[in-house]
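*Asks:* Below is a structure I'd like to ask you about.
There are 2 protein chains.
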Amino acid sequence: MPAIIQNQRRNMSMCESQKQELVSVNESRRFMIDCFKAFGVPQIHAEQQADLLVAADYRGHFSHGLNRLEYYLNDLSKKSTDGAAVPKILKETPATAWVDGCNGLGAVIGNFCMDLAIKKSKTAGVGWVCVKNSNHYGMAGWYPMKAMKEGFVGISMTNTSPLMAPTRAKEAALGTNPIAVGVPAGDDHFLLDMATTAVALGKIEIQRRKGEDIPEGWAQNVEGASTTDPEQACCLMPLGGAEGNSGYKGYGLASVVDILTGVMAGANYSTKIRKWNALGCNEQADLGQMFVAINPNCFDPDFETNMCDLNSRLRNSKPIDPEMTVLVAGDKEEDNMKAVDKAGGIKYLPDQLRTCKELAQRLNVKPLSFI
Amino acid sequence: MPAIIQNQRRNMSMCESQKQELVSVNESRRFMIDCFKAFGVPQIHAEQQADLLVAADYRGHFSHGLNRLEYYLNDLSKKSTDGAAVPKILKETPATAWVDGCNGLGAVIGNFCMDLAIKKSKTAGVGWVCVKNSNHYGMAGWYPMKAMKEGFVGISMTNTSPLMAPTRAKEAALGTNPIAVGVPAGDDHFLLDMATTAVALGKIEIQRRKGEDIPEGWAQNVEGASTTDPEQACCLMPLGGAEGNSGYKGYGLASVVDILTGVMAGANYSTKIRKWNALGCNEQADLGQMFVAINPNCFDPDFETNMCDLNSRLRNSKPIDPEMTVLVAGDKEEDNMKAVDKAGGIKYLPDQLRTCKELAQRLNVKPLSFI
């Protein structure tokens, strides 16, 4: 088939799908709440979990939104997550708390811990909370955002199932172990939310589906050699890639995340963490997480003014390509939210919508409706 | 000249230089103390600065040891650093302190701040100290090491002179902005000390001297394109390298360092920071730094046992090459210290020793003696 016809067909199908696939933020949230409630999750927990997931879709991080719903529901179905569990404090000081997540839903645990860190930072200047017995807590950036709303700096990290090979190793011993840091800056902000691997697994899956190569430094084959063939990808490589390109720094950062989360909280860490997929898991996750809030008023009073100035200096750096402006962390997500607002809803992939249709039938909840 | 003769000559000169260049740790320290005192630096400040610098050489980080002495001395000579200044606390809470470094020597300020963070973490569980009006504080890993001696986790960061181009930019707006994290683990430990650029400037200088190419992803030319020619290197690239290889993550991390140091402390940040070289600088640096100590006893009581286990799991990951064992952060430095102990001293480059000879003459201090 000539390329031009291929393109026309693709454009037609995109137009059809655009009409069909737009879901309002509220409707996506409603659907997720209904699904959680079908598994006996209390309303208030279901809302927290749905708020987190829909925020990821709204911000353009589709891998961490509606896409994760099935994972969470199947863990509830297999009773490896307790949807009604409430976290409890095991030990505390003026600035710290050690929390048992009691195997509850990730967002319920994460919100509890970040709120506690914020509360402590109001009096002690900083609040540092570690939790064990937690579950996948969604996009790491969600928790710093809570601190930012109070004018505080927020930091959060979580360990995850092993996927990354340490530098010089040919098997996985650490997860994608993300770090999120959020900083208020008047009407502006800074929000970094990054895996410590070169890329997340999803990016390799997309290349595989497209039948395209992946760049050097993303993944290793079973022998531990860097591979450009997504079919051969066996382990993720750390941020930086190979040892000669400073991949040992990404490996070091992923280790720091595991130390400040799993090891410090007394949760699982490294190869002790279970594998996880959309079918859920019979084994409990027992993940470790860290939540930190810092009150910048304890330091220089001009913090937010200077933050605005820093963002300006970075964005106004001379661009290599005048069409590609220099961004600061969080700018892409801001643009995505504006685009969703303008369109009136979130555009999900047909695959995702098929899964939701099946879930609606399986759980006997009202299917997603479209705009 | 045939290659074989070149090699012989090189080997001969290496043998000669090995005999000639070995300096004991104590003698290197003595020489540095004498040099600082020649500029009127009080004994106790000179000792602190020398302890830091010689520790870097002992650990194999030559760029941050005796190599930096000239920079510090020339700043003292130009009175852009005040060798007698003592830091003062501006504001504090149970867990935080905002400190004015009063433009003193970096190690004096850094030690003051880290000791304060440790003291606070003993009662509050965590101590978080930010300092402004500071100077270059040497290897970032020095400060977490102080916390580790108390059984605490230590974190330190500093901003530095602009050298790194933000992703999509063709001019420098951030420094090499290092992050150091130290963790005790019984007789073992973990100590990450990494620049958030792909590599430090020194690595590119070495390739330039050798007349060899640099790998893709280390540096950009004046147009902002990645270059493999060290002569064309104009700005460092962030950890990760190009945008497609997640260089925006290294850029994000470098920004976080600038925020938690320069912006939070009310010091200089980004392009406000002066350029710096061996000749010293007339302008004050006003760098910002952050020092955090966390008492792991506030969390899981099995922390150190589990840290040992994590280190073992990482080191015992199946190696790609059985001759290249998997390391954890800090292992290379441990090996270097053992090698120095075995040899009986530190082997400095002839260039470095020439500089020391000139310094001894210029300052009228006793020259370095060799083993």
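Residue numbers (our numbering), protein chains in the order written: chain H, 275 to 645; chain D, 275 to 645.
Even for Gly, the Cβ is constructed at its ideal location relative to N, Cα and C.
Values in this document were obtained by computation on a predicted structure and should not be read as measured data.
1. Look up H/Val456 in the DSSP assignment and say whether it is helix, strand or coil.
2. Select from the segment 539-556 of chain D all residues with a C-beta closer than 7 Å to any C-beta belonging to chain H, and list them in chain order.
3. Does any residue of chain D have a CB that is nearer than 9 Å to the CB of H/Phe644?
4. Note down the Cα distance separating D/Pro646 from H/Thr599, rounded to an integer number of angstroms.
5. For the beta strand (DSSP E) that D/Leu364 lies in, which residues bound it at each end?
6. Residues in its own chain within less than 6 Å of D/Gly540 by CB, not counting five upstream and five downstream?
7. Using the three-state DSSP reduction, which class does D/Trp416 fall into: helix, strand or coil?
8. Please confirm if D/Phe336 has its CB atom under 9 Å from at least one CB of chain H.
9. Just how far apart, CA to CA, sit D/Thr355 and D/Thr450?
10. Closest to D/Gly460 by CA distance: which of D/Leu627, D/Pro641, D/Glu321 and D/Leu584 is it?
11. Mind listing which residues of the segment 586-597 of chain D have their C-beta closer than 8 Å to chain H's C-betas, in chain order?
12. So what's H/Ala320 in DSSP terms, helix, strand or just coil?
13. Please compile the residues from chain H whose C-beta is within a distance smaller than 9 Å of the C-beta of D/Ile478.
14. Under a three-way DSSP split, which group does D/Ile645 fall into?
15. Between H/Pro624, H/Asn638, H/Leu623 and H/Gly619, which has its C-alpha nearest H/Ser302's C-alpha?
16. Secondary structure at D/Lys444, three-state DSSP: helix, strand or coil?
17. Quick check on DSSP: helix, strand or coil for D/His463?
18. Distance, Cα to Cα, D/Arg283 vs D/Pro624?
19. Only counting the same chain, and skipping five residues up and downstream in sequence, which positions put a Cβ closer than 7 Å to that of H/Val531?
20. Verify the CB distance criterion: does H/Gly515 have a CB-CB separation below 9 Å to chain D?
21. Counting beta carbon pairs with one atom in the segment 411-431 of chain H and one in the segment 498-509 of chain H, are three or more of them shorter than 8 Å?
22. Go through its chain and collect everything with a Cβ distance to H/Met611's Cβ below 7 Å, but skip five positions before and after it.
23. From this set, D/Asn519, D/Lys640, D/Gly524 and D/Arg342, which residue's C-alpha is nearest D/Ala439's C-alpha?
24. Tell me whether H/Ile488 is buried or exposed, calling it buried when 16 or more other Cβ atoms sit within 10 Å of its Cβ.
25. For a contact defined as C-beta to C-beta under 8 Å, what are the partners of H/Cys309 on chain D?
26. Assuming D/Ser500 and D/Ala474 are in contact, meaning their beta carbons sit under 8 Å apart, how far apart are those beta carbons, in whole angstroms?
27. Which chain H residues sit within Cβ distance under 7 Å of D/Ile519?
28. For H/Gln563, which three-state DSSP category applies?
29. Do we get a CB-CB distance below 9 Å when we pair H/Met468 with the residues of chain D?
30. If we cut at 9 Å on Cβ distances, does H/Phe573 have a partner in chain D?
31. Name the chain H residues whose beta carbon is nearer than 7 Å to that of D/Val360?
32. Counting only Cβ-Cβ distances shorter than 7 Å, please list the residues of the segment 360-394 of chain D near chain C, keeping chain order.
33. Rounded to a whole number of angstroms, what is the C-alpha to C-alpha distance between H/Cys572 and H/Tyr346?
34. Taking H/Gly384 as part of the alpha helix (DSSP H), name the residues at either end of that continuous run.
35. Which same chain residues end up closer than 8 Å to D/Met511 when comparing Cβ atoms and leaving out the 5 residues on each side of it in sequence?
36. Below 8 Å, can you find three or more Cβ-Cβ pairs linking the segment 599-609 of chain D to the segment 554-573 of chain H?
*Replies:* By the coordinates alone:
1. For the purposes of this step, residue 456 of chain H is taken as residue 182 along the first sequence, with counting starting at 1. Checking the sequence, you will find Gly at residue 456 of chain H rather than Val. Reduced to three states, the DSSP call for H/Gly456 is strand.
2. Those residues of the segment 539-556 of chain D that come within reach of chain H (Cβ to Cβ, closer than 7 Å) are Ala539, Gly540, Tyr543, Ser544 and Thr545.
3. Counting from 1 along the first sequence, the entry for residue 644 of chain H is found at position 370. So, not an interface residue.
4. The shown model of chain D, from 275 to 645, leaves out residue 646 of chain D, and the question about it has no answer.
5. For the purposes of this step, residue 364 of chain D is identified with residue 90 of the second sequence, where counting begins at 1. DSSP places D/Leu364 inside the beta strand (DSSP E), whose first and last residues are Lys362 to Glu366.
6. Here the question's residue 540 of chain D lines up with position 266 in the second sequence. Excluding sequence neighbours, D/Gly540 sits near Lys406.
7. On the second sequence, position 142 is the one that residue 416 of chain D refers to. D/Trp416: helix per DSSP, three-state reduction.
8. Position 62 of the second sequence, counted from the first residue, corresponds to residue 336 of chain D. Cβ-Cβ to chain H under 9 Å: no for D/Phe336.
9. Against the second sequence, residue 355 of chain D aligns to sequence position 81. Against the second sequence, residue 450 of chain D aligns to sequence position 176. Between D/Thr355 and D/Thr450, the C-alpha separation is close to 21 Å.
10. Sequence index remark: in the second sequence, residue 460 of chain D carries index 186 (1-based). Put simply, of D/Leu627, D/Pro641, D/Glu321 and D/Leu584 the residue whose alpha carbon is nearest the alpha carbon of D/Gly460 is D/Leu584.
11. For the segment 586-597 of chain D, which is checked against every Cβ of chain H, the residues closer than 8 Å are Arg587, Leu588, Ser591, Lys592, Pro593, Ile594 and Asp595.
12. Position 46 of the first sequence, counted from the start, is the residue given in the question as residue 320 of chain H. H/Ala320: helix per DSSP, three-state reduction.
13. Numbered from its first residue, the second sequence carries residue 478 of chain D at position 204. Within 9 Å Cβ-Cβ: nothing; D/Ile478 doesn't reach chain H, min ~13 Å.
14. As a position in the second sequence, residue 645 of chain D is number 371, starting the count at 1. In the structure shown, D/Ile645 sits in coil (DSSP, three-state: anything other than H, G, I, E or B).
15. Looking up residue 302 of chain H in the first sequence gives position 28. For H/Ser302, the nearest C-alpha among the options comes from H/Gly619.
16. In the second sequence, the residue the question calls residue 444 of chain D occupies position 170. DSSP places D/Lys444 in coil when its eight states are reduced to three.
17. Numbered from its first residue, the second sequence carries residue 463 of chain D at position 189. D/His463 falls in the strand class under three-state DSSP.
18. Walking along the second sequence from the start, residue 283 of chain D turns up at place 9. Walking along the second sequence from the start, residue 624 of chain D turns up at place 350. Caution applies to D/Arg283, whose pLDDT of 33 falls short of 50 and renders its modelled position unreliable; the model cannot decide the point.
19. By 1-based counting over the first sequence, the position of residue 531 of chain H is 257. By the criterion of a C-beta distance shorter than 7 Å, H/Val531 is surrounded in its chain by Met431, Asn433, Asn451, Ile453 and Thr470, once the five residues flanking it on both sides are discounted.
20. Within the first sequence, numbered from 1, the residue matching residue 515 of chain H stands at position 241. Residue contact check for H/Gly515 against chain D: a CB pair falls below 9 Å.
21. No, they do not touch.
22. One-based indexing of the first sequence puts residue 611 of chain H at position 337. Same-chain partners within the cutoff: Tyr332 and Arg333.
23. For the purposes of this step, residue 439 of chain D is taken as the residue at position 165 of the second sequence. Sorting D/Asn519, D/Lys640, D/Gly524 and D/Arg342 by C-alpha distance to the C-alpha of D/Ala439 places D/Gly524 at the top.
24. Here residue 488 of chain H is taken as the residue at index 214 of the first sequence, counted from 1. With 16 or more Cβ atoms within 10 Å of its Cβ, H/Ile488 is classed as buried.
25. Your numbering for residue 309 of chain H matches position 35 in the first sequence. Within chain D, no residue comes near H/Cys309; the closest Cβ sits about 33 Å away, beyond 8 Å.
26. Indexing the second sequence from 1 puts residue 500 of chain D at position 226. Indexing the second sequence from 1 puts residue 474 of chain D at position 200. Separation of the CB atoms of D/Ser500 and D/Ala474 is rounded to 17 Å, and the pair is thereby denied contact status at 8 Å.
27. To locate residue 519 of chain D, count along the second sequence from 1; it is residue 245. Checking the displayed sequence, the identity of residue 519 of chain D turns out to be Asn instead of Ile. Ordered by position in chain H, the residues that pass the 7 Å Cβ test against D/Asn519 are Ala472, Pro489, Gly491 and Gly515.
28. The residue labelled residue 563 of chain H in the question sits at position 289 within the first sequence. H/Gln563 falls in the strand class under three-state DSSP.
29. Counted from its first residue, the first sequence places residue 468 of chain H at position 194. For H/Met468, the nearest CB of chain D lies under 9 Å from its own CB, placing it at the interface with that chain.
30. Within the first sequence, residue 573 of chain H is the residue found at index 299, counting from 1. By this cut-off, H/Phe573 is an interface position.
31. Mapped onto the second sequence, residue 360 of chain D falls at position 86. In chain H, no part has a C-beta under 7 Å from the C-beta of D/Val360; the shortest such distance is about 20 Å.
32. Checking the listed chains, one finds no chain C in this structure; the protein chains it contains are H and D.
33. In the first sequence, counting from the first residue as 1, residue 572 of chain H sits at position 298. In the first sequence, counting from the first residue as 1, residue 346 of chain H sits at position 72. Taking the straight line from one Cα to the other gives about 39 Å.
34. Position 110 of the first sequence, counted from the first residue, corresponds to residue 384 of chain H. In the DSSP assignment, H/Gly384 falls within the alpha helix (DSSP H) that extends over Gly380 to Ala398.
35. For the purposes of this step, residue 511 of chain D is taken as the residue at position 237 of the second sequence. Contacts found: Met438, Ala439, Thr471, Ala472, Gly491, Trp492, Ala493, Gln494, Ser500, Gly521 and Gly524.
36. By the Cβ rule, the segment 599-609 of chain D does not count as touching the segment 554-573 of chain H, because fewer than three pairs are nearer than 8 Å.
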